[in-house]
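Data block below; observations after.
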Amino acid sequence: MPMNMRSLSGYIEPLVPALILVILAAPVIPAYDTPLFDETWYVSAARRFLCSGVYERVEHPPLGQLLISAGILLLGDNPEGWRVPSLISASASLILVYLISKELSGRRTLALTSSILLASEKLFFTFSTLGVLDMFFLAFSLLSVYSALKGRVIPSALALAAGLCCKLTALPFAPITLLIILKGKPGTSKPSRKRKILATIEWLASASASLLLLLYLLDGLYPAAEGIEEAVIRNPIRHISYMVTVHTSGNWPQGYGEPPWTWIIQPRNYYLGGVSLMGNEYFETLNPLIYGLSLIAMPNALWNSIKTRAFDSTLSWTWFTLTYLIWIPLYFIVSRPLFSFYLLPATPIMCSTVASFLDGDKRTQYLFAVLNIAFFLTFQYPIRMIIPRT
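Per this note's numbering, the sequence shown starts with residue 242, numbered consecutively.
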C-alpha cells in the first residue's frame with residue numbers, strides 16, 4: 242500500500258466504529274419521545290438549569306447534567322436534545338478505545354476489532370442513546386488513560402477531573418491511570434524511580450486541584466433548588482462529601498438492584514423487553530460472544546500478567562478488577578442496591594482483551610467482529626422501537 246494511502250487509512254480507521262454507532266443509533270434516539278430509565282431525573286435536571294436557573298440533582302456533579310442542557314439548548318427539548326450529547330461522547334469513546342488499543346499493542350487490526358466490538362456491545366450501545374451521565378464520564382476517563390499512555394501527565398489529570406465532574410464513578414480510572422504513569426509506555430525506556438515519583442505527585446496534585454476548581458466553578462453557575470442547602474454546593478469539598486454520603490447511605494429502597502456476578506451472565510435490559518428482531522429477551526441483553534469469551538480472555542490476561550509481566554495484560558486485569566470485580570465484595574459491604582449498568586466502564590477493556598486474545602490472525606479478528614455485529618443486529622438491536630412508528 243502506498244505510504245500516503247496507508248497514512249490516510251490510519252486517519253479513517255478510528256472513525257469507522259464511530260460511524261457504525263451513529264448510523265445504528267440515529268433512528269433509535271427519536272424512537273421514544275418520553276424519558277426512559279434515569280432520563281427521568283437527568284432530563285428534568287437539565288431543564289431546570291435552563292428554565293428555572295437552579296441546580297436540582299446535587300447528588301451528582303453538574304458537568305454531565307449541563308452537557309444534556311447544552312443538547313436541549315442546541316437541538317430543542319426533545320429526544321435528540323436529550324440524547325445526542327451521549328451519542329457524541331460514545332463516538333469519542335470508540336475513537337479513544339481504538340487509540341488506546343493501538344498504543345498498547347501497536348497493531349491496527351487489534352485496535353479496530355476492539356472498537357468495533359464495543360460499538361456493537363449492547364450496554365454501551367444502550368447508554369449511547371440515553372440522556373444520562375455515564376457516557377460523559379466514560380469519554381473523559383478514556384481520554385485520561387490515552388493521555389497517560391502518551392506521557393501527557395497534566396492533560397491526563399485534567400481529563401479525569403472533568404470525568405469526575407460528570408459522575409464520581411470515574412474514580413476507578415485514577416489508579417488505572419497511575420499504573421500507566423508508574424509503569425511507563427510499553428516499548429519505551431522505563432522512567433527512573435525519581436521520575437515516576439515526580440510524575441505521580443504531579444498527576445495527583447493536578448487532578449485534585451483541577452477537580453476542586455472545576456467543581457467550584459460549575460457549582461457557582463446556579464443556586465441550589467428549593468429544599469437543598471445552598472452551602473452544600475458552595476464548597477467543593479463539602480459537595481463531594483455530600484455526594485459520597487448520599488451514594489453510600491442505607492436510605493435506598495430495598496428489593497431491587499442486581500448482584501454483580503449476574504451482570505455478565507444475566508444483565509438487565511435498559512430498553513423495554515422484546516424490541517429486537519428475534520424478540521428473545523434473554524439474548525437482548527446477554528452477548529455470549531463478548532461476555533462469554535471474556536470469561537476466558539480475562540483469566541488468560543491474569544496468567545500472562547503473572548507469568549510474563551506483560552504490561553497490556555497487567556493493565557487489562559487491573560482495569561477489569563477496578564471497574565467490575567471490585568463490586569462483588571462491595572455488594573456484601575454497602576447497604577445499597579447495585580445495578581448491572583455499573584459494568585459499563587469495564588466494557589472497553591473487555592472488548593480490547595477479547596480482541597487481544599484472538600490476536601495473530603487478522604481474518605479471525607475481523608470475522609469475529611462481523612459475527613458480533615450480526616448477532617447484535619439480530620438479537621439486540623431495538624428494531625421494534627423504530628418500525629411501529631413508520
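Backbone N, C-alpha and C define an ideal beta-carbon position, used for all residues, glycine too. It should be emphasised that the depicted structure is a prediction, and the values quoted were computed from it without experimental measurement.
Report the residue from Pro255, Arg577, Thr619, Ile569 whose alpha carbon sits nearest the alpha carbon of Ser355. Of Pro255, Arg577, Thr619, Ile569, the smallest CA-CA separation from Ser355 is found for Pro255.
What residue ranges within the segment 290 to 335 form continuous alpha helix (DSSP H) runs of no fewer than 4 residues, ordered along the chain? Listed in chain order, they are 304 to 316.
I need the DSSP call for Ala465, collapsed to helix, strand or coil. Strand.
Using a 10 Å radius around the Cβ and a threshold of 16 neighbouring Cβ atoms, would you call Tyr497 buried or exposed? When all chains shown are included, Tyr497 counts as exposed.
Which residues in the same chain have their Cβ closer than 6 angstroms to the Cβ of Pro508, if we skip the five residues on either side of it in sequence? Thr526, Ser581
Whole angstroms are fine: how far does the CA of Ser327 sit from the CA of Thr631? Below a pLDDT of 50, predicted positions are generally treated as unreliable, and Thr631, at 45, falls in that range; no measurement from the model is reported.
For Leu571, the first and last residue of its enclosing alpha helix (DSSP H): 568 to 574
Specify the secondary structure class of Ile270 as computed by DSSP and reduced to three states. coil
Ala380 versus Gly491 - alpha carbon distance: 30 angstroms
My output table needs one value for Gln507: the three-state DSSP class, helix, strand or coil. coil
Whole-Å CB distance - Leu358 paired with Val595, under 8 angstroms assumed: 6 angstroms
Collapsed DSSP secondary structure at Tyr622 in the structure displayed: coil
Hey, out of Arg288, Val338, Pro320, Ser285, whose CA is closest to Pro586's CA? Residue Val338 is the option with its Cα nearest to Pro586.
Closer than 6 angstroms by C-beta to Tyr353: which residues in its own chain qualify, once you throw out the five before and the five after it? Chain order, please. A quick correction: the sequence has Leu, not Tyr, at residue 353. Excluding sequence neighbours, Leu353 sits near Glu254.
The alpha helix (DSSP H) with Ala209 in it runs from where to where? There is simply no residue 209 to check, as the chain begins at 242 and stops at 631 in what is shown.
Can you check which of these residues, Val257, Phe365, Ala411, Pro501, is closest to Phe573 by C-alpha distance? Of Val257, Phe365, Ala411, Pro501, the smallest CA-CA separation from Phe573 is found for Pro501.
For a test of the three-state rule: what should DSSP assign to Leu358, helix, strand or coil? helix
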